[in-house]
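To keep things clear, I will list the structure first and then write my remarks on it.
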Amino acid sequence: MNMANNSTTALDSDGAVAIVNNLTWDDATWILTSSFIIFTMQSGFGLLESGAVTRKNEVNIMIKNAADVIFGGISYWMVGFGISFGKDEGSNGFIGVGYFFVDSNGPDMGQLFATFVFQLSFATTATTIVSGAMAERTKLTSYMVYSFFNTYVYCIPAHWVWDKNGFLNKLGCVDIAGSGVVHLCGGTAALVATYLLKPRTGRYENGAQRPILGNPVNTILGLFMLWWGWLGFNCGSTFGISGGKWKLAAKSAVITMNGSVGAGFAGIVLSVILYKGKYDVSTIVNSVLGGMVGVTASCAVIRPWEAVITGAIGGILSVFGAKLLDKMKLDDPVGAISVHGVCGLWGMLAVGIFAQKDKFQNLTRGRNGLVHGGGFYLLGVQVLTCVSIMTWSIFGTFLILWSLKKTVGIRLSLEEEELGADFVEHNIDSNNRNDSNIIFSSRRTSRIPSSVSTITKDSSQMITISGNIRNTTNRTDENENNAFYRFLDQVITKLKRNREIAPADDINLL
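All letters in the sequence shown, in the order written, are residues 12 to 521 by this note's numbering.
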């Protein structure tokens with residue numbers, strides 16, 4: 012991934028510093044093909060997340076994944092790439108300057124464009140990690156704004172670690188394919204987002220159990236697409252196949268597979284133990300993903316047997332990390348914080364423990380990890396990198412989301428959350444209801460289809476809010492107040508009097 016290590020710099024005709032990688036045609040083909048494979052991870056994330064949420068929110072979460080590419084892509088082209096890899100005057104160890112609004116007609120066009128597309132696929136992935144943690148309760152418009160600006164949260168650590176001028180790069184940090192820059196950064200952002208959003212309504216009330224997956228088949232299919240995409244993610248990070256790079260690419264494939272199978276094995280064993288002989292889908296899926304996150308930083312510099320161990324530990328951490336977050340009442344519908352944040356942290360530390368000197372591209376700068384007699388230096392640099400990335404991600408994400416929360420708001424209202432984002436944001440009825448037969452009214456009618464306010468006298472078609480919504484008492488979102496509940500009670504009482512409706516407690520919206 013670290014393109015800067017094998018780069019030289021030259022001045023183009025305009026005097027701007029250009030990236031020159033001496034790429035062969037084969038290298039460029041490898042980079043672009045890997046970029047296209049990585050891009051399919053958006054589909055994998057979308058399917059996995061849509062399968063993990065309720066049916067009334069599955070379309071909305073897919074649209075959020077599209078928004079990551081659309082809004083994150085435009086901001087990365089405008090400024091993000093330059094922040095990460097710019098070489099113009101003013102660039103320093105903390106931020107790059109240059110390559111804004113990426114374009115070129117010069118001799119460096121091939122190298123620049125191939126590099127941009129590859130790095131773009133990583134940038135959009137970092138934001139997509141957060142979308143799952145914010146699922147089922149976030150306004151789509153606010154999320155789009157967040158997606159645009161979150162690109163810059165990712166781009167700063169990318170400069171620190173992957174640009175040769177980055178201060179962590181100069182210290183010798185090793186993050187081959189992004190356990191820290193992509194996954195730890197994204198997982199930390201997800202943690203901040205869940206804290207600011209608060210849990211889904213009723214999630215932790217009265218000992219509520221873990222929600223059932225809306226579509227487990229989608230979740231498993233998403234896993235397979237991510238599995239495929241991860242091979243492009245890690246193997247493509249050799250940034251070519253010329254010289255000895257093709258050997259590192261082949262090694263990265265083996266390490267990625269070994270890490271995933273080690274994690275999957277650990278996940279299956281844990282599932283049988285924790286769920287009394289049952290094979291829990293979420294546990295198995297998140298274990299495999301956690302294992303791949305765990306070997307992403309070290310995919311070209313550890314041994315296959317070490318990958319099995321590293322992946323297995325990642326799989327275990329993903330399971331117990333999610334359980335710890337539930338204990339803390341941090342509601343993460345897809346487990347993004349534990350899979351990407353916790354396992355990303357472990358992946359960075361695993362480099363300092365297991366890494367071996369690379370004789371092909373000198374990816375570790377001649378250093379070994381702790382197990383191979385390298386001492387504590389590399390491990391110390393990896394710890395510093397983790398602290399730096401987490402600190403920046405917390406600050407940057409909080410600044411964006413807190414600003415949105417205090418201005419336009421980031422969370423759906425209680426009534427919108429109950430109806431589901433598919434209906435409220437997209438006018439899609441996941442339950443195949445006849446919209447003209449829905450009893451509902453909202454103080455925010457501009458966000459709810461006009462047909463929702465229609466009241467029918469046909470009791471066989473009538474839908475109202477289930478009784479449990481009126482028993483919700485600890486919702487702290489700014490949209491909540493007692494007027495909504497009083498309105499519901501008035502409607503239900505009137506309809507009962509006319510003997511046109513069954514008691515509300517017997518009717519369920521979902």
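All residues carry an ideal CB built from backbone N, CA and C; glycine is no exception.
C-beta contact flag for residue i and residue j at 8 Å
i: T135; j: G55; result: no
i: V7; j: N297; result: What the structure shows of the chain is the stretch from 12 to 521, and residue 7 is not part of that stretch, so it cannot be assessed.
i: K262; j: A311; result: yes
i: G11; j: G225; result: Within the shown structure, residues of the chain are numbered from 12 to 521, placing residue 11 beyond reach of any answer.
i: P315; j: V265; result: yes
i: A308; j: G358; result: yes
i: W238; j: T51; result: no
i: I364; j: G377; result: no
i: T267; j: V306; result: yes
i: I167; j: I106; result: yes
i: G301; j: A274; result: yes
i: T375; j: V80; result: no
i: S399; j: L179; result: yes
i: V292; j: I223; result: no
i: N33; j: E436; result: no
i: L336; j: L195; result: no
i: S190; j: V304; result: yes
i: D574; j: I252; result: A query on residue 574 cannot be resolved here, the shown segment of the chain reaching from 12 to 521 and no further.
i: A366; j: I324; result: no
Bounding residues of the alpha helix (DSSP H) (the contiguous stretch that carries residue i)
i: V362; result: C354 to F365
i: H383; result: That residue, H383, is in no alpha helix (DSSP H); it is neither H nor E in DSSP.
i: S61; result: M52 to A63
i: K258; result: K256 to L285
i: K75; result: E69 to S86
i: S95; result: F92 to F96
i: Y215; result: Here Y215 belongs to no alpha helix (DSSP H), and DSSP marks it neither H nor E.
i: C196; result: C196 to L208
i: F244; result: P227 to C246
i: I295; result: V292 to T307
i: P344; result: P344 -> no alpha helix (DSSP H), and no H or E assigned at all.
i: F331; result: P315 to K338
i: H437; result: A432 to H437
i: K181; result: F178 to L182
Identity of the residues DSSP links to residue i by a beta bridge
i: R148; result: Answer is none; R148 lacks a bridge partner.
i: R422; result: T149
Cβ-based neighbour list, residue i, same chain, cut-off 7 Å, excluding 5 preceding and 5 following
i: W413; result: L207
i: G177; result: G104, H170 and W171
i: A200; result: V141, N161, V164, S404 and T408
i: N269; result: P315, A318, V319 and G322
i: K416; result: L207
Cβ-based neighbour list, residue i, same chain, cut-off 6 Å, excluding 5 preceding and 5 following
i: F244; result: I49 and A188
i: V113; result: W88, F92 and F127
i: S45; result: G243 and G247
i: V345; result: E60, A63 and G143
i: G57; result: M73 and N76
i: E489; result: Here E489 scores only 41 on pLDDT, less than 50, and its place in the model should not be relied on; the value that follows carries that caveat. Cβ within range, chain order: n/a, list empty.
i: R211; result: E147, R148 and D342
i: A333; result: G346 and S349
i: G326; result: A274, A277, G278, S298, G301 and G302
i: E428; result: R148 and T212
i: G183; result: R376 and V392
i: F129; result: I42 and S46
i: L151; result: E436
i: T402; result: none
i: G198; result: I348, H351, G352 and G355
i: H383; result: Q367
Beta-carbon proximity list for residue i, same chain, < 8 Å, skipping 5 on both sides
i: L360; result: L390, Q393, V394 and C397
i: F371; result: G254, G255, K256, K258 and L259
i: V228; result: G62
i: V283; result: K289 and Y290
i: D174; result: A15, S95, F96, G107 and N180
i: F235; result: G55
i: N479; result: Reliability of the predicted coordinates at N479 is poor, the pLDDT of 40 falling under 50, and the value obtained from them is presented with this limitation in mind. Closer than 8 Å at the Cβ level, and outside the excluded window around N479, lie G213.
Handout entry: At least three beta-carbon pairs within less than 8 Å, the stretch 35-49 to the stretch 238-255
Key = yes
**Request:** Mind the definition here: the stretch 340-352 touches the stretch 135-146 only if three or more C-beta pairs lie below 8 Å; say whether that holds.
**Result:** yes
| task | Decide yes or no for the touch test of the stretch 63-82 against the stretch 95-112: beta carbon pairs closer than 8 Å, at least 3 of them. | result | no
Does the pairing of the stretch 379-390 with the stretch 154-170 give three or more beta-carbon distances under 8 Å?
no
Q. Would you say the stretch 253-261 touches the stretch 279-287, given that touching needs at least three Cβ pairs under 8 Å?
A. no
Validate contact between the stretch 335-343 and the stretch 203-217 using beta carbons, cut 8 Å, 3 pairs
yes
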